[in-house]
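Q: Sharing a structure with you now.
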Amino acid sequence: MFRKSLVLTACLCGLFLTACGTGKSTETKSMSSTVTQTQAPEQGTEGKQGESTPQSVVEGERAPDLTLMDKDGKEVSLKDYAGKKVYINFWASWCKPCLAEMPHIEKVYQKYKDNKDYVFLSVTSPKDAKFNNNYALDESQEIIMAAAKKVGITYPVLFDQKDNAMLSYGLRAFPSHIFINSDGTVNKVFSGELNKDTLEAGLKGLK
């Protein structure tokens, strides 16, 4: 277990360096989708729609719990949504495919937001000291929220703390998408930009 934690930490270091190099660049970067837990991520190309990527989360197994923070400083846990069908979008403000897919996610969110059976969450990894992310993969909360506002999204933006989400979910690329059944098991995991139809298909596949 300790060895695995060290490997995951090393992977996050590689991700952090890639993100730092792209945070203020106009070029889109993403981490290699072929990386394993024993290799440091390499700079790759943008993820293709629906492209599979190795993850720490496994389809059919229980999703790791998350303790995140919302824009007002309130803690939000995945356990808060027990019994609901959950969609999680992991993204970064410097990631062009992430920003490009957001209007599609927003349209679907508007359709489902009043359905109490479904929950939409988006997660980023800010560098502000208050979040205690040693390997933050994004910019500050202010920059992240400005990017979200510019795109016009209204679904919840949540912030990772102590690298919990990135370590637990073993992310290898942005954007990444996790669909979680109402019993807490992972239904679907994939990386790359999605569109409205892809998202709706994933939601309809939840149990």
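When the letters of the sequence shown are read in order and numbered with mature numbering (1 follows the signal peptide of the UniProt record, and there is no 0), they come out as residues -19 to -1, 1 to 188.
Virtual Cβ for every residue (Gly too), placed ideally from N, Cα, C.
Just so you know, these numbers come straight off a predicted model, no measurement behind them.
Tell me where the alpha helix (DSSP H) around THR105 begins and ends.
A: THR105 -> not in any alpha helix (DSSP H); beta strand (DSSP E) instead, spanning 99 to 105.
Q: Please name the residue or residues paired with PHE160 in a DSSP beta bridge.
A: TYR68 and LYS169, per the DSSP bridge assignment.
Q: Which residues bound the beta strand (DSSP E) around SER58?
A: Element bounds for SER58: 56 to 58.
Q: Which value, in whole angstroms, describes the spacing of the CA atoms of GLY28 and LEU80?
A: With a pLDDT of 41 at GLY28, under the threshold of 50, the predicted position of this residue should be treated as unreliable, though the coordinate-derived value follows. Their backbone Cα atoms lie some 13 angstroms apart in a straight line.
Q: From what residue to what residue does the alpha helix (DSSP H) around THR179 run?
A: 177 to 185 is the extent of the alpha helix (DSSP H) around THR179.
Q: Three or more C-beta pairs under 8 angstroms: does that hold for the region 64 to 84 against the region 106 to 119?
A: Yes, they touch.
Q: Quick one: Cα of LYS60 to Cα of LEU180, how far?
A: Cα to Cα, LYS60 sits roughly 23 angstroms from LEU180.
Q: Roughly how many angstroms lie between the CA atoms of ALA146 and ASN113, to the nearest whole one?
A: Going by the C-alpha atoms only, they are around 12 angstroms apart.
Q: Use the C-beta contact count for ASN168: other C-beta atoms within 10 angstroms, 16 or more gives buried, fewer gives exposed.
A: Label assigned to ASN168: buried.
Q: Identify whether LEU118 lies in helix, strand or coil by the three-state DSSP scheme.
A: Here LEU118 sits in coil by DSSP.
Q: Between which residues of its own chain and LYS108 is the CB-CB distance below 8 angstroms, once the five residues before and five after are set aside?
A: Hits under 8 angstroms: ASN114, ALA117, ASP119, GLU120 and SER121.
Q: May I ask you to report which of helix, strand or coil DSSP gives LEU(-8)?
A: Bear in mind that the predicted position of LEU(-8) carries a pLDDT of just 41, short of 50, making it unreliable; the figure below should be weighed with that in mind. If DSSP states are grouped into helix, strand and coil, LEU(-8) belongs with the helices.
Q: Do SER157 and PHE140 have their C-beta atoms within less than 9 angstroms of each other?
A: No, they are not a contact pair.
Q: Distance, Cα to Cα, VAL138 vs SER103?
A: When rounded, the distance between both Cα atoms is 5 angstroms.
Q: Figure out for me which residue from LYS111, LYS177 and THR166 has the closest Cα to the Cα of LYS88.
A: Comparing Cα-Cα distances from LYS88 to each of LYS111, LYS177 and THR166, the minimum goes to LYS177.
Q: Using the rule of at least 16 other Cβ atoms within 10 Å of the residue's Cβ for burial, across every protein chain shown, is ASP98 buried or exposed?
A: So ASP98 ends up on the exposed side.
Q: Report the rounded CA-to-CA distance for GLU40 versus VAL57, giving the unit in angstroms.
A: In a straight line, the C-alpha of GLU40 is about 23 angstroms away from that of VAL57.
Q: Say whether chain B places a C-beta atom closer than 9 angstroms to the C-beta of MET126.
A: Looking at the structure shown, chain B is missing, and only one protein chain is on hand.
Q: Considering only residues of the same chain and omitting the five flanking positions on each side of LYS143, which have a CB-CB separation below 6 angstroms?
A: Counting only Cβ-Cβ distances below 6 angstroms, and skipping sequence neighbours, we find ASN113.
Q: Can you tell me whether DSSP reads LYS94 as helix, strand or coil?
A: The answer is coil: DSSP assigns LYS94 none of H, G, I, E or B.
Q: For GLY151, does the count of other Cβ atoms within 10 angstroms reach 16, so buried, or fall short, so exposed?
A: When all chains shown are included, GLY151 counts as buried.
Q: Leaving out five residues on either side along the sequence, give the residues of the same chain with a beta carbon under 8 angstroms from the beta carbon of GLU42.
A: These residues qualify, in order along the chain: THR166 and VAL167.
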